[in-house]
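Contents: one structure, followed by commentary.
In this note's numbering, the protein residues as written are 1376 to 1520.
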């Protein structure tokens, strides 16, 4: 990976449908050189895919919350993953430092469906309690690296 590869990735993040010629014009390479680099990065697993990002509200998932998850005793990350993977409203989760064991990002149709999803998480073995914050408005929405 060199600076040209990182520049190509940055341009693809902005527009995954950008043509190789358009990318090449920005980074100073021919379309075929850009294609070779992209193909190599795909083959090496650096670029894992090209996707469409749809507004969650269009998919009927306008309600969004961040949930702190507190467990009884010591619970392994694998067990947390098993618990959370059964709840389709969970879109992202990770273990964290501090008093909570995990932070969970959830999306649902509305407040009642969010409440149902939270109850399913709370009823899981080893879950002591949760603390939720419902998102009122998005301030920054950067795409993951």
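Just so you know, even glycine gets a beta-carbon here, dropped at the ideal spot from N, CA and C. No experiment lies behind these values; they were computed from the predicted model shown.
Three-way DSSP call (helix, strand, coil) for residue i in this model
| i | result |
| --- | --- |
| residue 1491 | helix |
| residue 1444 | strand |
| residue 1419 | coil |
| residue 1520 | Confidence at residue 1520 is low in this model, with a pLDDT of 48, below 50, so its placement is unreliable and no value can be given for it. |
| residue 1407 | helix |
| residue 1401 | helix |
Boundaries (first-last residue) of the alpha helix (DSSP H) holding residue i
| i | result |
| --- | --- |
| residue 1453 | 1452 to 1459 |
| residue 1502 | Looking at the DSSP string, residue 1502 is not in any alpha helix (DSSP H); the run it does join, the beta strand (DSSP E), is 1502 to 1509. |
Euclidean distance between Cα positions of residue i and residue j
| i | j | result |
| --- | --- | --- |
| residue 1398 | residue 1415 | 16 Å |
| residue 1520 | residue 1483 | For residue 1520, the predicted structure reports a pLDDT of 48, less than 50, and the residue's modelled location is therefore unreliable. A value from the coordinates is still provided. Cα to Cα, the separation comes out at about 24 Å. |
| residue 1376 | residue 1429 | 30 Å |
7 Å Cβ cutoff met for residue i and residue j
| i | j | result |
| --- | --- | --- |
| residue 1496 | residue 1450 | no |
| residue 1471 | residue 1481 | no |
| residue 1391 | residue 1445 | no |
| residue 1454 | residue 1506 | no |
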